[in-house]
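Note sheet for the following structure.
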Amino acid sequence: MFLADCQARLAFDLLANTWNAVVVWALRHGPSRPADLRATIGGISPKVLNETLRRLEFNGIVSRTAYAEAPPRVEYALTELGLSMLEPIEAFGVWAFEHAEEVMAAQDGFRA
Numbered sequence: 007m008f009l010a011d012c013q014a015r016l017a018f019d020l021l022a023n024t025w026n027a028v029v030v031w032a033l034r035h036g037p038s039r040p041a042d043l044r045a046t047i048g049g050i051s052p053k054v055l056n057e058t059l060r061r062l063e064f065n066g067i068v069s070r071t072a073y074a075e076a077p078p079r080v081e082y083a084l085t086e087l088g089l090s091m092l093e094p095i096e097a098f099g100v101w102a103f104e105h106a107e108e109v110m111a112a113q114d115g116f117r118a
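And the structure:
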């Protein structure tokens, strides 16, 4: 049973947000600046990326490093906790790739 305070629900909530897993996956190769993340991901607004990075930082998934430079520079990187999410995200991506046609067929059948 998944109760409101269940630990499994915490994990599902982290993966349920559309952009969380995408941003984590985009950071898998190392630290990145927000503009570079947006270019890598595509289709994400600066506002949504900022909200996602803050949410991931709040949950201990990413770390933020601000450099005292002119102009200011900020980089985000996966923490150890964030790195531990890569395997489940990859597994879910494989599942999606293998079953996307079945899901789309079910959606089409439902609409009909």
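FYI, the numbering for the sequence shown is 7 to 118, going by the numbering used here. Yeah, the Cβ is synthetic: ideal placement off N, Cα and C, and Gly gets one too. Everything numeric in this text was worked out from a predicted model, so none of it was measured.
Hey, quick one: how far does the beta strand (DSSP E) through residue i stretch, first residue to last?
i, result
"Ala83", "79-84"
"Arg70", "68-73"
Please report how far the alpha carbon of residue i lies from the alpha carbon of residue j, in whole angstroms.
i, j, result
"Val80", "Trp25", "20 Å"
"Arg15", "Ile95", "16 Å"
"Gly115", "Ala72", "50 Å"
"Arg39", "Arg61", "16 Å"
"Pro52", "Thr46", "13 Å"
Which residues mark the beginning and the end of the alpha helix (DSSP H) in which residue i is found?
i, result
"Leu55", "52-64"
"Ala27", "24-32"
"Ala112", "92-117"
Give me the Cβ distance between residue i and residue j, rounded to the nearest whole Å; I'm assuming they're in contact under 8 Å.
i, j, result
"Leu33", "Leu84", "5 Å"
"Arg44", "Leu55", "6 Å"
Closest to residue i by C-alpha separation, out of the options, would be which residue?
i, options, result
"Val68", "Phe98, Gly36, Gly49, Asp42", "Gly36"
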